[in-house]
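Chains as they are written, first to last, in my numbering: chain E, 1 to 147; chain S, 1001 to 1147. Note sheet for the following structure.
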DNA sequence: ATAAACCTTAGATAACACTCTAAGGCAAGC
DNA sequence: GCTTGCCTTAGAGTGTTATCTAAGGTTTAT
C-alpha cells in the first residue's frame, strides 16, 4: 500500500505544498514515483518523514535536516556522522528547554504581578518611576497623558 | 545615566540594527531621544526591553509583543488585557515545552540506536526493509548502491 | 579643524520557510 | 468522450525577521 501526497499531508498535518517544498529541498529523496510520475509514499517513508518532522519541530534548519537525510541515504557507513549531528541537535534542544524554563518564570512573575489585588498601585508606581527617571535626565516623557 | 543604542546592543545581545528594527515595529515607544535625536535608553527602558526579549525568546510574534507594549504604554487601566495576553502566551510556552519533551525522547531513541554496538546491523536491517517494501510495490529503489 | 567613531533615516536586500499560480498530464466515474 | 479531481513541474509571490547601504548629522580626541 502506498499513499498519495494529499493522503500523507492529511496524515502528518503538513500541506501538499510543504511536502513538495521539502522534496525540492532534498528532504525526501527516499520517496519513489509510480508509473505516472506521482510520488508513492510507503509506510517506511512515513516513518522517515516522521523523523524529519521531529527535527523540524525542534527547530532544526532544513539544510541540517537535509544533511541528516543525506547520511541516512548513505546507509550504515554514516552512523557515526548521524550520531554526531543528532547529538549536537540534542544539545540545542536542551538549551531550548533551559531557555524556555527561565523565560516562563519571568512570564509567571509578570502574571503574578498583574493578578495581585494591588496590581493597579504597583503598575502605577512602576510608571511613576519610569517617568521620574526620564524627567531627572531631561528627557521627554514618552507616556501618553492619563485622563 | 543613559545608554546609546550600541551599548544597549552589547548589553542585551542584539545588534543595533535589530534594536532599530524593533523600534520601527513599535516595540520601543518608551525610549526617549536626547537633543541630537539619538535614542537615550534609561535603566527602566532596559527593564522593559528585557521583557520584550523574554517574550521574543519564547516565540511571541513581534505583532503580539507590540500589542503588549501598547498595553504597557496605556498604563494601569490595561492590566486585565495584559494579564489575558500573557496568560495565553503562557499556554503557548507550556505547549512548546510539551512538544519539545516529546521530540527530545525521539531524538534520544535515535541516539541510543546509533550508539548501540549492533548499530550497523540494526541500520542495515532498517534499510533492507525499506528496500524490500519498495520492491514488493514495484517501485524504483531510491537508495544508492552500496559498494 | 579634521579624522574617527558614533548616531540618524529611508529604503534595499537577504534568509527562511512556505504558499500559490499556471500549464499540463493522468485516472475514475458517468 | 468528457468532467472532475487528482497529480506533476517551474517559478513567482508572501510573511516574518533581520541585516545592510547610503547619505548625512553629532561627538570626541588630537
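Note that beta-carbon positions come from the ideal geometry of N, C-alpha and C, so glycine has one too.
The alpha-carbon separation between residue 1065 of chain S and residue 1031 of chain S amounts to approximately 16 Å.
Looking at the DSSP output, residue 1032 of chain S sits in a beta bridge with S:1040. Within the region 84–102 of chain E, contact with chain S at the beta-carbon level (separation under 7 Å) is assigned to 86, 87, 89, 90, 93, 96, 97, 99, 100. Around the beta carbon of residue 145 of chain E, fewer than 16 other beta carbons sit within 10 angstroms, so the residue counts as exposed. By the neighbour-count definition (other C-beta atoms within 10 Å, threshold 16), residue 1110 of chain S is a buried residue. Chain S has a Cβ within less than 8 Å of the Cβ of residue 44 of chain E. Straight through space, the alpha carbons of residue 107 of chain E and residue 22 of chain E are spaced by roughly 35 Å.
Among the residues of the region 1021–1042 of chain S, those with a Cβ less than 8 Å away from any Cβ of chain E are 1029, 1030, 1031, 1032, 1033, 1034, 1040, 1042, in the order of the chain.
Secondary structure within the region 44–119 of chain E: the alpha helix (DSSP H) runs of 4 or more consecutive residues, fully enclosed, are 62–74, 79–115 (chain order). Look at residue 1064 of chain S: its C-beta is not under 8 Å from any C-beta on chain E.
Residue 1003 of chain S is bridged by DSSP to S:1041. Put simply, of E:99, E:94, E:103, E:104 the residue whose alpha carbon is nearest the alpha carbon of residue 1102 of chain S is E:94. For the region 1111–1136 of chain S, residues whose beta-carbon sits nearer than 7 Å to a beta-carbon of chain E comprise 1111, 1114, 1115, 1119, 1120, 1123, 1124, 1127, 1129, 1130, 1133, 1134.
Listed in chain order, the non-local C-beta contacts of residue 33 of chain E below 7 Å within the same chain comprise 39, 40, local neighbours out to five positions each way being set aside.
For residue 1021 of chain S, the enclosing alpha helix (DSSP H) begins and ends at 1016–1024.
Rounded to whole angstroms, the separation of the alpha carbons of residue 1112 of chain S and residue 75 of chain E is 17 Å.
For the pair residue 92 of chain E and residue 59 of chain E, the CB atoms are nearer than the 8 Å cut-off. Contact annotation, residue 1008 of chain S with residue 1046 of chain S: C-beta distance approximately 7 Å; criterion of less than 8 Å satisfied. Here the alpha carbons of residue 125 of chain E and residue 1044 of chain S stand approximately 12 Å from one another. Taking C-alpha positions only, residue 51 of chain E is separated from residue 1035 of chain S by approximately 56 Å. Residue 7 of chain E is outside the set of residues whose beta carbon lies under 8 Å from a beta carbon in chain S.
Closest option to residue 117 of chain E, judged by alpha-carbon separation, among S:1083, S:1072, S:1096: S:1083.
Contact of residue 4 of chain E with chain S is not assigned, every C-beta pair being separated by 8 Å or more. Of all alpha-carbon atoms in E:141, E:143, E:134, E:142, the one lying nearest the alpha-carbon of residue 1003 of chain S is that of E:134. Of the candidates S:1026, S:1121, S:1100, S:1020, the residue whose Cα lies closest to the Cα of residue 142 of chain E is S:1026. For residue 1019 of chain S, not one C-beta of chain E is nearer than 8 Å to its own C-beta. If the five residues before and after residue 85 of chain E are omitted, its C-beta is found closer than 6 Å to the C-beta atoms of 68, all from its own chain and listed in chain order. In this structure, the CA atom of residue 1130 of chain S is about 14 Å from the CA atom of residue 1121 of chain S.
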